[in-house]
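Enquirer: There's a structure below that I have some questions on.
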Amino acid sequence: MTTPAGSGAGFGSVSWWGLSPALDLQAESPPVDPGSQANTEHGIPELDVLLLGSVDGRHLLQTLARAALWPRRRFRFYVLENNLETVARHMLFFSLALEDPEKMGLQERSEAFLEVWGNALLRPPVAAFVRAQADRLAQLVPEPDRLAEQLPWLSLGALKFRERDALEAVLRFWAGGDQGPQAFPVTRLWDMRLRHYLGSRYDSRRGVSDWDLHMKLHDRGAQVIHIREFRRWRDTGVAFELRDASAYQVPNRTLASGRLVSHRGERVAARGYWGDIATGPFVAFGIETDDKSLLRTSNGQPVKTAGDISQHNVTELFRAMAAWGHPSATQGDPAQVPSNTNGTPEPGTPAAPGPGSFTVHFLPLGSAQTLHHKSCYKGRFQLLYVACGMVHLLSPELGACVAPGGCLTVELARYLVDLRQEQLQGFSDRVGELALAAGFAPQPQARPSETFARFYKAGDPAPVDPAVEPGTLPPEATNHLSEDLTQPLEGGTPLSEPLKLPSASQASSLEALAPSTESQTLKLESLTGPSEATSPISNF
Numbered sequence: 022m023t024t025p026a027g028s029g030a031g032f033g034s035v036s037w038w039g040l041s042p043a044l045d046l047q048a049e050s051p052p053v054d055p056g057s058q059a060n061t062e063h064g065i066p067e068l069d070v071l072l073l074g075s076v077d078g079r080h081l082l083q084t085l086a087r088a089a090l091w092p093r094r095r096f097r098f099y100v101l102e103n104n105l106e107t108v109a110r111h112m113l114f115f116s117l118a119l120e121d122p123e124k125m126g127l128q129e130r131s132e133a134f135l136e137v138w139g140n141a142l143l144r145p146p147v148a149a150f151v152r153a154q155a156d157r158l159a160q161l162v163p164e165p166d167r168l169a170e171q172l173p174w175l176s177l178g179a180l181k182f183r184e185r186d187a188l189e190a191v192l193r194f195w196a197g198g199d200q201g202p203q204a205f206p207v208t209r210l211w212d213m214r215l216r217h218y219l220g221s222r223y224d225s226r227r228g229v230s231d232w233d234l235h236m237k238l239h240d241r242g243a244q245v246i247h248i249r250e251f252r253r254w255r256d257t258g259v260a261f262e263l264r265d266a267s268a269y270q271v272p273n274r275t276l277a278s279g280r281l282v283s284h285r286g287e288r289v290a291a292r293g294y295w296g297d298i299a300t301g302p303f304v305a306f307g308i309e310t311d312d313k314s315l316l317r318t319s320n321g322q323p324v325k326t327a328g329d330i331s332q333h334n335v336t337e338l339f340r341a342m343a344a345w346g347h348p349s350a351t352q353g354d355p356a357q358v359p360s361n362t363n364g365t366p367e368p369g370t371p372a373a374p375g376p377g378s379f380t381v382h383f384l385p386l387g388s389a390q391t392l393h394h395k396s397c398y399k400g401r402f403q404l405l406y407v408a409c410g411m412v413h414l415l416s417p418e419l420g421a422c423v424a425p426g427g428c429l430t431v432e433l434a435r436y437l438v439d440l441r442q443e444q445l446q447g448f449s450d451r452v453g454e455l456a457l458a459a460g461f462a463p464q465p466q467a468r469p470s471e472t473f474a475r476f477y478k479a480g481d482p483a484p485v486d487p488a489v490e491p492g493t494l495p496p497e498a499t500n501h502l503s504e505d506l507t508q509p510l511e512g513g514t515p516l517s518e519p520l521k522l523p524s525a526s527q528a529s530s531l532e533a534l535a536p537s538t539e540s541q542t543l544k545l546e547s548l549t550g551p552s553e554a555t556s557p558i559s560n561f
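Structure follows, in structure tokens:
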């Protein structure tokens, strides 16, 4: 048996990290229209962005970190995911990014972020931080007034009541350290997934890792991923080893999700790891950087690894994010921002950071096809972002939510190692067809990219600033780059009651609890209906 290239078995059925570098969403959006009515009562232009499947908040954090390079704006991010565990991770990551520097230093925060974000195992201090934050968030979710007071950037008002209850249950599971490692034995679950994925090649997994890295990821532009860190992640699930290897002992419960599986004619509730075991969390922050010295090579080999670059990028990102959590300690005081006589900020004025300057709105699961029925969403968004695992939701109904002259950015499947080159091209072609049917046309001046496809709302002039190419910063920002930081997935919704993990014998008969399109005995279903763990292109 060989790994079924194109089956998507390694991609999993729940996405925990992005498979493309972090974007500055302002660079993807049309320029500010001076005559636009989409302004706040203070006359500050708003940027409304709808994101489908962004999964880890990297685009939102990158956008806020680079806000000082653009004219002042208020941000409204509307996030639609396919499982509530991902929503909970969004909340945890933003809480970490906005943590008081006096309580948690910059290096400590960046290291904790990388570990929680991409490691299957955590150090005890990081696990304790996750438990404390999860307990705090679980207490705030059912109390809207306290939530609005303590986390003004977060809005859960659009979620259904049962979704909020399930979100609270997820957070309480994260906080339940008294249950011990047996509540989520991620080491065993990871090995089960890996054995099922590789089949008869499991004993040759080192050679398989070498092949996937050198012949696929390196050929597709991720040359900085080092073979040692890639092998370690494939074998153990630990991508970022920032301390001694023996320190990583506690299962990362934020990577757990619930499933209903069919076993001998009965529906069994199981909690397991259903995420990516093929590509890894190196692409989002580890293959691109503004500090070009980190991309140097020696004798044809990169001098820095993807882990080194990820740590640098996240550290600089959190350094810039400090302005949003604690504006009084920065130069972004709104009272000091120059303005015109009418009270609006001067062109090129840096953003005035602050918790009230951005809001993250979480939308109900499965609402992508019904948003256009609500007048508050129809024609509202200047930018629509769609991850590769959610491309099947791109439709004329969704396109109706984009404002005239708005933009569409679609993540392509470039870094899915299970897909062959002809399948990647087929995926890209299908994205173009879906975008055209949804009312979009390719941006004529967008630079060629194998990672993202860019479109604009058809029937309107292409939103291209003559001085700014799509996907780039404005000219006035280029002088500051050295100072600033530069998936369909049908995940199961969480159970409101505790899940029971099957015994070892049951797990074996369940084919190691691994999502598979070939097995007829294991049919994975989400708690809202049947679904299959398949490649993103299988729905086209």
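Numbers 22 to 561, taken from my numbering, label the letters of the sequence shown in order. Where is the CB? At the ideal position from N, CA and C, for every residue including glycine.
1. Apart from the five residues just before and just after GLU398, which ones in its own chain have a Cβ nearer than 6 angstroms to its Cβ?
2. Considering only residues of the same chain and omitting the five flanking positions on each side of SER41, which have a CB-CB separation below 6 angstroms?
3. On the three-state DSSP scale, how would you describe VAL35?
4. What are the complete beta strand (DSSP E) segments, minimum 3 residues, inside the segment 231-282?
5. When you compare the CB positions of LEU158 and ARG167, do they come within less than 9 angstroms of one another, or not?
6. Leaving out five residues on either side along the sequence, give the residues of the same chain with a beta carbon under 6 angstroms from the beta carbon of ALA155.
7. Is the Cβ-Cβ distance between GLY301 and TRP232 less than 9 angstroms?
8. State the beta-bridge partners of THR380 as determined by DSSP.
9. Do the segment 116-125 and the segment 254-269 make contact, defined as three or more Cβ pairs closer than 8 angstroms?
10. Roughly how far, in whole angstroms, is the beta-carbon of PHE134 from the beta-carbon of VAL335, given that I think they are within contact range, below 8 angstroms?
11. Assuming ALA462 is part of the beta strand (DSSP E), what are its boundary residues?
12. So TRP37 packs on GLY296, CB below 8 angstroms; how close in whole Å?
13. Leaving out five residues before and five after GLY31 in sequence, what residues of the same chain have Cβ atoms less than 6 angstroms from its Cβ?
14. Report buried or exposed for GLU164, applying the criterion of at least 16 other Cβ atoms within 10 angstroms of its Cβ.
15. For the beta strand (DSSP E) holding THR430, just list the boundary residues, first then last.
16. Taking the alpha carbon of VAL229 as the reference point, which residue from MET213, PHE251 and TRP211 has its own alpha carbon closest?
17. Quick test of your reading: LEU338 and GLU132, contact by CB under 8 angstroms. State the CB separation rounded to the nearest angstrom.
18. Could you tell me the distance, in whole angstroms, from the CA atom of GLY39 to the CA atom of LEU180?
19. Would you check if the distance between the CB atom of LEU101 and the CB atom of ALA389 is smaller than 9 angstroms?
20. According to DSSP, is GLY293 part of a helix, a strand, or is it coil?
21. So what's PHE150 in DSSP terms, helix, strand or just coil?
22. Taking the alpha-carbon positions, what's the VAL282 to TRP345 distance?
23. Counting C-beta neighbours from all protein chains within 10 Å, is the total for LYS395 16 or more, i.e. buried, or is it exposed?
24. Quick one: grab the DSSP three-state call for THR208.
25. Does the segment 450-468 come within contact of the segment 408-425, defined as at least 3 CB pairs closer than 8 angstroms?
26. For the beta strand (DSSP E) containing ASP69, list its first residue and its last residue.
27. For a test of the three-state rule: what should DSSP assign to THR336, helix, strand or coil?
28. Do ASP69 and PHE402 count as a contact pair if the criterion is CB distance below 9 angstroms?
29. Taking 9 angstroms as the cut-off, decide whether the C-beta atoms of GLU106 and VAL207 are in contact.
30. For MET342, does the count of other Cβ atoms within 10 angstroms reach 16, so buried, or fall short, so exposed?
31. According to DSSP, is ARG288 helix, strand or coil?
32. Check for me: the beta strand (DSSP E) holding ARG475 runs from which residue to which?
33. Can you tell me whether DSSP reads SER41 as helix, strand or coil?
34. How should VAL324 be labelled, buried or exposed, when 16 other C-beta atoms within 10 angstroms of its C-beta is the threshold for buried?
35. Going by DSSP in three states, SER517 sits in which element: helix, strand or coil?
36. Over the uninterrupted alpha helix (DSSP H) stretch that includes LEU191, give me the two end residues.
Expert: In this structure, then:
1. Position 377 of the sequence shown, counted from the first residue, corresponds to residue 398. In the sequence as displayed, the identity of residue 398 is Tyr instead of Glu. LEU392 and CYS422, listed in sequence order.
2. Taking the sequence shown and counting its residues from 1, the one referred to as residue 41 is at position 20. These residues qualify, in order along the chain: GLU432 and THR472.
3. Residue numbering aside, residue 35 sits at position 14 when the sequence shown is read from its first letter. Coil.
4. none
5. On the sequence shown, position 137 is the one that residue 158 refers to. On the sequence shown, position 146 is the one that residue 167 refers to. No, the Cβ-Cβ distance between LEU158 and ARG167 is not below 9 angstroms.
6. Here residue 155 refers to the residue found at position 134 of the sequence shown. Hits under 6 angstroms: LEU192, TRP195 and ALA196.
7. The residue given as residue 301 occupies position 280 in the sequence shown. The residue given as residue 232 occupies position 211 in the sequence shown. For GLY301 and TRP232, no; Cβs fall outside 9 angstroms.
8. Taking the sequence shown and counting its residues from 1, one reaches residue 380 at position 359. Per DSSP, ARG97.
9. no
10. The count along the sequence shown starts at 1 and reaches residue 134 at position 113. The count along the sequence shown starts at 1 and reaches residue 335 at position 314. With a Cβ gap of about 6 angstroms, PHE134 and VAL335 count as contacting.
11. Here residue 462 refers to the residue found at position 441 of the sequence shown. Taken as a continuous stretch (DSSP letters only), the beta strand (DSSP E) holding ALA462 covers 461-463.
12. Along the sequence shown, read from residue 1 onward, the residue named residue 37 stands at position 16. Along the sequence shown, read from residue 1 onward, the residue named residue 296 stands at position 275. The beta-carbon separation of TRP37 and GLY296, rounded to 5 angstroms, stays under the 8 angstroms limit for a contact.
13. By one-based count along the sequence shown, residue 31 stands at place 10. Result list for GLY31: TYR218, ILE298, ALA299 and ASP439, in chain order.
14. Here residue 164 corresponds to residue number 143 of the sequence shown, with the count starting at 1. Only exposed fits GLU164, as fewer than 16 other CB atoms lie within 10 angstroms of its CB.
15. Mapped onto the sequence shown, residue 430 falls at position 409. Bounds of the beta strand (DSSP E) holding THR430 are 423-432.
16. By 1-based counting over the sequence shown, the position of residue 229 is 208. Checked all of MET213, PHE251 and TRP211; the closest Cα to VAL229 is PHE251.
17. Here residue 338 refers to the residue found at position 317 when the sequence shown is read from its first residue. Here residue 132 refers to the residue found at position 111 when the sequence shown is read from its first residue. The C-beta distance from LEU338 to GLU132 rounds to 13 angstroms, too long to meet the 8 angstroms contact threshold.
18. Here residue 39 corresponds to residue number 18 of the sequence shown, with the count starting at 1. Here residue 180 corresponds to residue number 159 of the sequence shown, with the count starting at 1. Answer to the nearest angstrom: the Cα atoms are 23 angstroms apart.
19. Position 80 of the sequence shown holds residue 101. Position 368 of the sequence shown holds residue 389. Contact flag set, yes.
20. Numbered from 1 along the sequence shown, position 272 holds the residue referred to as residue 293. GLY293 falls in the strand class under three-state DSSP.
21. As a first step, residue 150 must be located in the sequence shown, where it is residue number 129. Three-state result, PHE150: helix.
22. For the purposes of this step, residue 282 is identified with residue 261 of the sequence shown, where counting begins at 1. For the purposes of this step, residue 345 is identified with residue 324 of the sequence shown, where counting begins at 1. When only Cα atoms are considered, VAL282 and TRP345 end up about 43 angstroms apart.
23. Here residue 395 is taken as the residue at index 374 of the sequence shown, counted from 1. With fewer than 16 other Cβ atoms within 10 Å, it is exposed.
24. Here residue 208 corresponds to residue number 187 of the sequence shown, with the count starting at 1. In the structure shown, THR208 sits in a helix (DSSP, three-state: H, G or I).
25. yes
26. Residue 69 sits at position 48 when you count from the first residue of the sequence shown. Residues 67-73.
27. Along the sequence shown, one-based indexing puts residue 336 at 315. Helix.
28. The residue labelled residue 402 in the question sits at position 381 within the sequence shown. The residue labelled residue 69 in the question sits at position 48 within the sequence shown. Contact flag set, yes.
29. Residue numbering aside, residue 106 sits at position 85 when the sequence shown is read from its first letter. Residue numbering aside, residue 207 sits at position 186 when the sequence shown is read from its first letter. It is not a contact, given that the beta carbons lie outside the stated cut-off.
30. Locating residue 342 in the sequence shown gives position 321, counting from the first residue. MET342 comes out buried.
31. As a first step, residue 288 is located in the sequence shown; it is residue number 267 there, counting from the start. It is a strand residue.
32. Within the sequence shown, residue 475 is the residue found at index 454, counting from 1. Where ARG475 is concerned, the enclosing beta strand (DSSP E) stretches over 473-478.
33. Here residue 41 is taken as the residue at index 20 of the sequence shown, counted from 1. Shown here, SER41 sits in coil according to DSSP, grouped into three states, outside any helix or strand.
34. Against the sequence shown, residue 324 aligns to sequence position 303. It is exposed - the Cβ of VAL324 has fewer than 16 other Cβ atoms within 10 Å.
35. Position 496 of the sequence shown holds residue 517. Confidence at SER517 is low in this model, with a pLDDT of 37, below 50, so the placement of that residue is unreliable and no value is reported for it.
36. To locate residue 191, count along the sequence shown from 1; it is residue 170. The question names Leu, but residue 191 in the sequence shown is Val. Note, VAL191: alpha helix (DSSP H), 182-196.
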